[in-house]
Amino acid sequence: MDISNIDYSERIPNNVDLRSDRRLQRALERWQPNYLDWWRSMGPEGFQEDHVYLRTAISVDAKGWAHFDFVKMPDYRWGIFLTPSENDRKIAFGDHLGRDAWDQVPGEYRNLLRRIIVTQADTEPASVEQQRLLGQTAPSLYDLRNLFQVNVEEGRHLWAMVYLLHRYFGREGREEAEELLERQAGNPDKPRILNVFNEPIEDWLSFFCFAMFTDRDGKFQLGALAESGFSPLARTTRFMLTEEAHHLFVGQTGVERVIRRTAEMMNGDDDANVRPLGGIPLDLIQRYINRWFSLSLDLFGSEVSSNAATFFAQSLKGRFDETRRHEDHRALDEGLIIPVVRGGKLVNEEIPLRKAMNESLRDSYIADCEKALVRWNRELKKAKLTYRFTLPNRRFHRHQGEYADHYFSPEGDLMDEMDWRAREDEWLATSDDRAYVASLMECVIEPGRFANWIAPPKRGINNQAIDHAYVKFSGYDRR
Ligand code: BYC
Ligand code: FE
Ligand code: FE
């Protein structure tokens, strides 16, 4: 069978020859209706009967895997797609460097591996839950479609992880798969596992920041898992990464379009007030950036982590682009200098590199975020404005790791709690900010029209026009 092509004649589309394993197929077919129930109750509210211009994977080849068509979301063909296996794959890092990669779970690593997979899996439905009301205030049909594209693909990412749990982790894996549909973003009794995935995403500026900063954590975590010595995980996450690129695009260009629109309203005047015009002020955008960037930094875990050292040593989770790095893939002799708080002061400490793997991944992530900031600032320069966006220091507003119990300014300086609290409203989106942004949100559904606070994109989806009817409503007036 040709692994690059996906079999759509099956109830669960797949390129893993699911039909040859009846037990597994039946187990997943039993999970499928529970998933659909979850999608209908926790997925996008309203819009389930509407036809959305969505892409679906038809092949896992590099050349054009996507097929675009109008689909009702509950009819989306969620499936199981892995990139083709490499013959003779070798492990690229850790204690097992150079040995044959594993096609089965090494017994001694079973629990750890399951935990990583469950943590990854948990974020996917969480994000759909967090975004479920946004359709009602979409700034255009183009944006509405992009939201739903992201949502159905996060649903597919859940499928990707549930396949691994069912296929490789027996009864415990099946139980975890059930629990993935039971925890709920923001539910105090059964919250999602990682912090950001319990935060509300109430407006579209938050959504764009989330797709920019939080989905980007996905890019780096998936990139680290794509190096795994456990090949099925590596091949699954590689295909997920091809979908992730669009999510990051939605986030980065979304924020960029808000900036462009505000700059347009400011008309070259640095002191212009855009509120009377219904625009989003630049300093408010900066406070949203500060909030979502710092929350997303927490997702990398502690700066100094023995969990991370174990994941690396056992060749389960590598660094970003591990295989392509010209570095010691055992990471045994080096260290990473990390500023830590000791006796009320920041002092540099050298941490053995394996224990600093979370920080190494966070470094790669921050460098990637900086690139987007350069693009956003280019918009300001073009508009002859002197304001510039910055990323806050990695120590600012943290809730996990070395800096969690201390207070740091956006420049990274250690502060007293009192002083910090006195300035918090300058730095982080306030309830007034959020109320103002909420007041601007309106549902715009005429093709080609955009809400006043955001500029249109430069081009449409899949070479379609910007005024293409990306969502076709099923016969009733939504306004
Ligand atoms: N919130 O050594 P530590 C995505 C826990 S995003 C709450 O600091 P470790 C997506 C940690 O679990 C990508 N708890 O951390 C994006 C541990 O708990 P236990 C998601 C946290 O283990 C947008 C304890 O603190 N994928 O795909 O090295 C939309 C101390 O552990 C947090 C992954 O994360 C937190 N932020 O690393 C849709 C990949 N941070 O064991 C999707 C899989 C840490 O003491 N996950 N803790 O109970 C991992 O590799 C690791 O679990 C982490 C943490 C990187 C998350
Ligand atoms: Fe995802
Ligand atoms: Fe994503």
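Start counting the sequence shown at 48; every next residue gets the next number (our numbering).
C-beta atoms are modelled at their ideal positions from N, C-alpha and C, and glycine is treated no differently.
It should be emphasised that the depicted structure is a prediction, and the values quoted were computed from it without experimental measurement.
Which residues bound the beta strand (DSSP E) around HIS98? HIS98 -> beta strand (DSSP E) spans 98 to 104.
Looking only at C-alpha atoms, which of PRO121, THR184 and LEU241 sits nearest to ARG162? If we check each option's Cα against that of ARG162, LEU241 comes out closest.
Sub-8 Å separation of ARG442 and PHE455 beta-carbons: A contact, by the Cβ cut-off of 8 Å.
With a floor of 4 residues, list each alpha helix (DSSP H) that falls wholly inside the stretch 211 to 268, ordered by position along the chain. Fully enclosed alpha helix (DSSP H) runs of 4 or longer: 217 to 227 and 251 to 256.
Give every residue of the same chain whose Cβ lies closer than 8 Å to the Cβ of ARG304, excluding the five residues on either side of it in the sequence, and list them in chain order. Around ARG304: ILE501, ALA502, PRO503 and PRO504.
Separation of ASN424 from ARG435, as counted between CA atoms: When only Cα atoms are considered, ARG435 and ASN424 end up about 6 Å apart.
Would you decide whether ALA224 is buried or exposed? Buried here means 16 or more other CB atoms lie within 10 Å of its CB. By the neighbour-count criterion, in which a residue is buried when 16 or more other Cβ atoms sit within 10 angstroms of its Cβ, ALA224 is buried.
Can you give me the C-alpha to C-alpha distance between ASP318 and MET312, rounded to a whole angstrom? When rounded, the distance between both Cα atoms is 11 Å.
Can you say whether HIS446 is buried or exposed, counting buried as having 16 or more other CB atoms within 10 angstroms of its CB? Label assigned to HIS446: exposed.
Pull up the DSSP beta-bridge partners for LEU393, would you. LEU393 is bridged to VAL388.
Can you tell me whether THR433 is buried or exposed? The criterion is at least 16 other CB atoms within 10 Å of its CB, across all chains shown. It is exposed - the Cβ of THR433 has fewer than 16 other Cβ atoms within 10 Å.
With a threshold of 7 Å (Cβ to nearest heavy atom), would HIS204 be considered close to ligand 2? Within the chosen limit of 7 Å, ligand 2 reaches the beta carbon of HIS204 through at least one heavy atom.
Residue span of the alpha helix (DSSP H) that contains LYS428, given as start and end: LYS428: member of the alpha helix (DSSP H) spanning 404 to 429, first to last residue.
Whole angstroms are fine: how far does the CA of GLN268 sit from the CA of ALA414? Straight-line Cα distance between these residues: approximately 15 Å.
Who are the Cβ neighbours of THR283 in its own chain at under 7 Å, not counting the five residues just before and after it? Contacts found: LEU129, ALA207 and LEU211.
Which residue's Cα is closest to the Cα of SER253: ASP236, ILE332, ASN193 and SER275? Considering only alpha carbons, the answer is ILE332.
If we ignore side chains and look at the alpha-carbon of each, how far apart do PHE195 and ASN354 end up? Roughly 35 Å between the two C-alpha positions.
Could you check how far apart the C-beta atoms of VAL197 and HIS294 are, in whole angstroms? I think they sit under 8 Å. Contact between VAL197 and HIS294 holds, with the beta-carbon distance rounding to 5 Å and staying under 8 Å.
Strand pairing of ASN61, partner residues [DSSP]: Checking the DSSP bridge columns, you'll see ASN61 partnered with ASP54 and ILE127.
Beta-carbon proximity list for ALA139, same chain, < 7 Å, skipping 5 on both sides: The residues are GLU274, GLY365, GLU369, THR370 and HIS376.
Contact set for TYR55: own chain, Cβ-Cβ below 7 Å, skip 5 residues either direction: Around TYR55: ARG124.
Pairs of beta-carbons, one from the stretch 177 to 185 and one from the stretch 480 to 498, closer than 8 Å: are there three or more? Yes: at least three Cβ pairs fall under 8 Å.
Compare the C-alpha of GLU290 against each of ALA258, ALA310 and VAL302 and name the closest. A check of alpha carbon separations from GLU290 across ALA258, ALA310 and VAL302 identifies ALA258 as the nearest.
Give me the Cα-Cα distance between ARG308 and ARG334, rounded to the nearest whole angstrom. For ARG308 and ARG334, the distance between alpha carbons rounds to 18 Å.
Local Cβ density within 10 Å of HIS373, reported as buried at 16 or more and exposed below that: Per the 10 Å Cβ criterion, exposed.
In whole angstroms, give me the CA-to-CA distance for ALA512 and GLY495. Each residue's alpha carbon lies about 9 Å from the other.
Where does GLN178 land, buried or exposed, given buried means 16+ other C-beta within 10 angstroms? Flag for GLN178 reads buried.
Own chain residues within Cβ distance below 7 Å of ALA271, not counting five before or after: LYS364, GLY365, ARG366, PHE367 and LEU408.
If you draw a straight line from the alpha carbon of ASP108 to that of GLY391, how long is it in whole angstroms? Straight-line spacing of the CA atoms in ASP108 and GLY391 works out to 54 Å.
Kindly examine ligand 2 and report whether one of its heavy atoms sits closer than 7 Å to the Cβ of GLU291. Yes, ligand 2 has a heavy atom inside 7 Å of this Cβ.
Distance cut-off 7 Å: MET287 Cβ against heavy atoms of ligand 2: At least one heavy atom of ligand 2 falls within 7 Å of the beta-carbon of MET287.
Check whether the Cβ atoms of LEU71 and THR357 sit closer than 8 Å, and answer yes or no. In this structure, THR357 does not lie closer than 8 Å to LEU71 by Cβ.
Close beta carbons around MET476, own chain, < 6 Å, minus the five adjacent residues each side: Correcting the residue identity first, residue 476 is Ala in this sequence and not Met. Here the set comprises ARG334, TYR335 and ARG338.
PHE359 lies in the alpha helix (DSSP H); which residues open and close that run? 353 to 360 is the span of the alpha helix (DSSP H), which, as asked, contains PHE359.
With DSSP collapsed to three states, give me the class of LEU461. Three-state DSSP puts LEU461 in a strand.
Look up ILE336 in the DSSP assignment and say whether it is helix, strand or coil. The answer is helix: DSSP assigns ILE336 an H, G or I state.
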